[in-house]
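Residue numbers (my numbering): 803 to 1229.
Written below as structure tokens is the structure these notes are about.
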Ligand SMILES: *Cc1c(COP(=O)(O)O)cnc(C)c1O
Ligand SMILES: [Zn+2]
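Given below as structure tokens:
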């Protein structure tokens, strides 16, 4: 089988037991490449459908069910799993109407063990840390990566180290990292500088870096696509719509979908639509120039999970967009929070960044880029409880620059039947 690390730019290959994040020759991003010719003889829809009933062992995980496609050479006893994945694929008529579509699915990655899709990457990354014999793992994070890293480090007996930016970390996420026992360091710098710092300390302090530059994380994250296709009976939808921050998911989705197609597990590749917040839109700006020009931006958005000005996986994301006839759209914080309020009020719920998927699908449908009769899967990336401040502030009308279109006011009442009746009215 023999998977390799391969530079996406110069093609140089390295064995997977090297500790590398970028190419030694040209600095390019690395992919974990698998021997698809050998895999073709092994994997099938039937194989993965048969594993859906697993009650024990790694196949119970929605990542490791597809082990052949994630880490075919890995000894099973090294796997660190909670187990993650197996998230719901909701079909909501109410939200389809809001988006202006006939049919809309929502794949809820906030239903992972620590409440975001980062767990799918972290099981891959922490498992690789063990395979490499590392004792310490670290990341810089807008929040969810550190929550996930802290949990997986604790679960596997490694030391977790997380670097936070100095402000705007959602409380739910910070409390997770602290509670799971990671070494938490608040650094007076933004996310992008923190990411550089982690890379700078890695060699010196023998730390394994688990930001999404780590290609083994992306192997775990691509299973969001594999699991979605399986839930759809291996029938690919027309569109996948997802938020874009560091663009790890976008990169992983493109790789995963291409592999599924090459292996004959799906018959066509869906188009990918990446949605960025208007205040953190470097990919969108580059898209407008057909990727001729790329420039980092100063990021600012209520959706802190995607508040990223210089996405590390930019080059891989461009590759995904080219290979999937993808599009990029931007939405305002107002559109993000209103879409989130709709998802919440449908009884599903998500954190602000996930609102991008619905807001973006709606905008693309209104523009006629997504046709109403096309099948759309919107990815919800994080759980409602991650950022309670944003939710409550929205409903109170206290988010700067945002007038809530769908506020749910909290009533005040005296402790009497009359007072409650006055609020509730007759049935
Ligand atoms: C990390 C994260 C994102 C951004 O994903 P990328 O792969 O970095 O583009 C979006 N939403 C949530 C909730 C996240 O935690
Ligand atoms: Zn290279």
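Even for Gly, the Cβ is constructed at its ideal location relative to N, Cα and C.
For residue i, tell me which candidate among the options has the shortest Cα-Cα distance.
i: residue 1069; options: 1034, 1100, 930; result: 1034
i: residue 957; options: 967, 995, 884; result: 884
i: residue 1255; options: 859, 939, 1047; result: The chain is shown only over 803 to 1229; residue 1255 falls outside these bounds and no answer can be derived.
i: residue 1103; options: 1202, 991, 826, 874; result: 1202
i: residue 1140; options: 816, 1197, 828, 1021; result: 1197
i: residue 1144; options: 995, 811, 894; result: 894
i: residue 847; options: 832, 972, 867; result: 867
i: residue 1042; options: 1149, 1013, 1129; result: 1129
i: residue 837; options: 1217, 1064, 1137; result: 1064
i: residue 1116; options: 1138, 1107, 1083, 1136; result: 1083
i: residue 923; options: 882, 963, 934, 896; result: 882
i: residue 1142; options: 1160, 850, 1134; result: 1160
i: residue 978; options: 841, 925, 947, 1166; result: 947
i: residue 1182; options: 961, 1017, 1213, 920; result: 920
i: residue 841; options: 855, 1172, 1111, 874; result: 874
i: residue 892; options: 829, 1030, 834; result: 1030
i: residue 1111; options: 850, 996, 909, 870; result: 996
i: residue 835; options: 829, 850, 816; result: 816
i: residue 1050; options: 890, 1167, 1118; result: 1118
i: residue 899; options: 1220, 1226, 1168; result: 1168
i: residue 1165; options: 1147, 1187, 1131, 1149; result: 1131
i: residue 877; options: 938, 804, 1134; result: 804
i: residue 1037; options: 1022, 1021, 1071; result: 1071
i: residue 1232; options: 971, 1006, 982, 872; result: There is simply no residue 1232 to check, as the chain begins at 803 and stops at 1229 in what is shown.
i: residue 1193; options: 1106, 872, 992, 1225; result: 1106
i: residue 1075; options: 1172, 871, 1027; result: 1172
i: residue 1052; options: 1188, 1225, 1190, 1027; result: 1027
i: residue 872; options: 935, 1135, 825, 806; result: 806
i: residue 1151; options: 1186, 1134, 1138; result: 1186
i: residue 1148; options: 1208, 959, 1188; result: 1208
i: residue 909; options: 934, 1184, 926; result: 1184
i: residue 1021; options: 1055, 1003, 1032, 998; result: 1055
i: residue 911; options: 1135, 938, 887; result: 887
i: residue 865; options: 1223, 1023, 1218, 1121; result: 1023
i: residue 861; options: 1025, 1229, 1174, 974; result: 1025
The alpha helix (DSSP H) spanning residue i covers which residue range?
i: residue 1177; result: Here residue 1177 belongs to no alpha helix (DSSP H); instead the beta strand (DSSP E) covers 1177–1182.
i: residue 962; result: No alpha helix (DSSP H) holds residue 962; the beta strand (DSSP E) holding it covers 961–966.
i: residue 834; result: Premise fails: residue 834 lies in the beta strand (DSSP E), 832–835, not in any alpha helix (DSSP H).
i: residue 769; result: Residue numbering for the chain in the displayed model covers 803 to 1229; residue 769 lies beyond these limits and cannot be assessed.
i: residue 886; result: Unbroken run through residue 886: none, as it is neither H nor E.
i: residue 1154; result: 1154–1168
i: residue 977; result: 973–981
i: residue 1214; result: Here residue 1214 belongs to no alpha helix (DSSP H), and DSSP marks it neither H nor E.
i: residue 1022; result: 1017–1023
i: residue 842; result: 838–842
i: residue 851; result: 847–852
i: residue 1226; result: 1219–1226
i: residue 1206; result: It is not in any alpha helix (DSSP H) - residue 1206 carries neither H nor E in the DSSP assignment.
i: residue 871; result: 869–872
i: residue 1194; result: 1190–1198
Identify the residues that DSSP records as bridge partners of residue i: which are they?
i: residue 895; result: BP columns for residue 895 are empty, so no partner.
i: residue 1079; result: 1133
i: residue 942; result: 965
i: residue 816; result: 807
i: residue 987; result: 965
i: residue 1073; result: 1041
i: residue 1010; result: 939
i: residue 918; result: 1184
If you follow the beta strand (DSSP E) that residue i is in, where does it begin and where does it stop?
i: residue 907; result: 905–910
i: residue 825; result: Unbroken run through residue 825: none, as it is neither H nor E.
Across the region 951–967 and the region 913–925, are there enough close Cβ pairs to call them in contact, namely three or more that are closer than 8 angstroms? yes
Notebook entry, point to check: Fully enclosed by the region 1087–1134, which alpha helix (DSSP H) runs are 4 residues long or longer?
Noted result: 1116–1125
Open item on the list: Does the contact criterion of 3 or more C-beta pairs under 8 angstroms hold for the region 1155–1169 versus the region 1082–1094?
Closed with: no
Query raised in the report: Are at least three pairs of beta-carbons, each pair with one atom in the region 1111–1130 and one in the region 1056–1073, less than 8 angstroms apart?
Result: yes
Report task. Give a yes or no on contact between the region 1069–1083 and the region 1040–1059, applying the rule of three or more CB pairs nearer than 8 angstroms. Result -> yes
Any 3 or more C-beta pairs closer than 8 angstroms across the region 1005–1018 and the region 813–823: yes
Any contact of the region 1089–1099 with the region 808–817, i.e. 3+ C-beta pairs under 8 angstroms?
no
| query | Given 8 angstroms as the limit, is there contact between the region 1176–1189 and the region 902–911, that is, 3 or more CB pairs closer than that? | reply | yes
Cβ contact check for the region 963–977 and the region 922–942: 3 or more pairs under 8 angstroms
yes
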